[in-house]
Amino acid sequence: MSAVRIVVVDDHPIVRHGLTGVFADEPGIDVVGEADSGPRSLAVIADTEPDVVLMDLRMPDGDGVPAIRELVRHRTRGRPRALVLTTYDTDREIRSALNAGADGYLLKDASRTELVRAVRDLAAGRPVLAPAALAILLGHESETELSTREIDVLRLVADGLTNKAIATRLRISESTVKTHLLHTYSKLGAADRAHAVRICWERGLI
3 MSAVRIVVVD DHPIVRHGLT GVFADEPGID VVGEADSGPR SLAVIADTEP DVVLMDLRMP
63 DGDGVPAIRE LVRHRTRGRP RALVLTTYDT DREIRSALNA GADGYLLKDA SRTELVRAVR
123 DLAAGRPVLA PAALAILLGH ESETELSTRE IDVLRLVADG LTNKAIATRL RISESTVKTH
183 LLHTYSKLGA ADRAHAVRIC WERGLI
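Shown next as structure tokens:
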């Protein structure tokens with residue numbers, strides 16, 4: 003199996019150096035590029051063709067959200083996947099990143115183990131969201147009641163459709179499908195899409 007290729011995007015050199023060090027001894031993960039701003043990351047991404055991009059949100063020479071939109075628009079076979087790694091944990095920041103197409107959102111207080119697991123999960127196509135960020139994102143929404151749209155998405159998951167196929171069927175973006183799934187996992191206490199489908203089936207929701 004080939005190594006997971008990652009690009010690190012952060013305006014602080016010490017952060018980039020630290021993240022590179024985190025992955026240096028991790029088998030199967032290679033840091034193939036760095037950038038200090040969103041706009042400059044796009045050229046690095048084009049040159050290195052990574053599997054996962056670790057993207058900061060706020061950078062003086064260009065923020066991460068516009069760059070995420072661009073990398074999503076030019077993806078090939080679903081790559082690269084975007085993992086936001088930031089200190090910002092407000093509802094506005096989280097929603098903005100996910101709506102732009104980010105596949106994961108972690109806070110910089112995440113442990114080394116959490117960060118490495120997040121990269122591997124994203125490379126395997128599994129979305130990632132920090133528990134603290136998810137709690138803020140959900141706000142005052144019901145923790146147990148699924149919306150009609152979330153149930154629609156899970157029914158299509160149960161039918162074996164991919165996120166891309168679900169997006170086409172429901173006429174929504176693929177990033178919106180992923181956001182619905184993340185909300186659903188939290189509300190149901192599910193570990194993944196198969197677990198969520200099983201819980202809903204047991205409750206008679208699908």
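If you're matching positions, the sequence shown starts at 3 in my numbering and goes up one per residue. Yeah, the Cβ is synthetic: ideal placement off N, Cα and C, and Gly gets one too.
Range covered by the beta strand (DSSP E) that runs through residue i
{"i": "T164", "result": "Per DSSP, T164 belongs to no beta strand (DSSP E) and is neither H nor E."}
{"i": "D32", "result": "I31 to A37"}
Straight-line Cα distance separating residue j from residue i
{"i": "S144", "j": "L156", "result": "No answer about S144 holds up, because its pLDDT of 49 lies below 50 and its placement is not dependable."}
{"i": "S39", "j": "D161", "result": "41 angstroms"}
{"i": "D1", "j": "A193", "result": "The structure shown does not extend to residue 1, since the chain is modelled only from 3 through 208, so no value can be given for it."}
{"i": "A134", "j": "E51", "result": "31 angstroms"}
{"i": "T186", "j": "A126", "result": "20 angstroms"}
{"i": "Y90", "j": "A137", "result": "14 angstroms"}
{"i": "A99", "j": "V67", "result": "6 angstroms"}
{"i": "G106", "j": "R128", "result": "9 angstroms"}
{"i": "A120", "j": "G206", "result": "32 angstroms"}
Helix, strand or coil at residue i [DSSP, three-state]
{"i": "Y107", "result": "strand"}
{"i": "T92", "result": "coil"}
{"i": "D194", "result": "coil"}
{"i": "I174", "result": "coil"}
{"i": "E147", "result": "coil"}
Range covered by the alpha helix (DSSP H) that runs through residue i
{"i": "I208", "result": "No alpha helix (DSSP H) contains I208, which DSSP labels as neither H nor E."}
{"i": "E116", "result": "R114 to A125"}
One or two residues paired with residue i in a DSSP bridge
{"i": "A84", "result": "V55"}
{"i": "D130", "result": "The sequence given here places Val at residue 130; Asp does not occur at that position. DSSP, once it has assigned bridges, lists G106 as partnering V130."}
{"i": "T78", "result": "R81"}
Taking only runs of the beta strand (DSSP E) that begin and end inside the segment 5-76, which ones reach a length of at least 3 residues, in chain order?
6-11, 31-37 and 54-57
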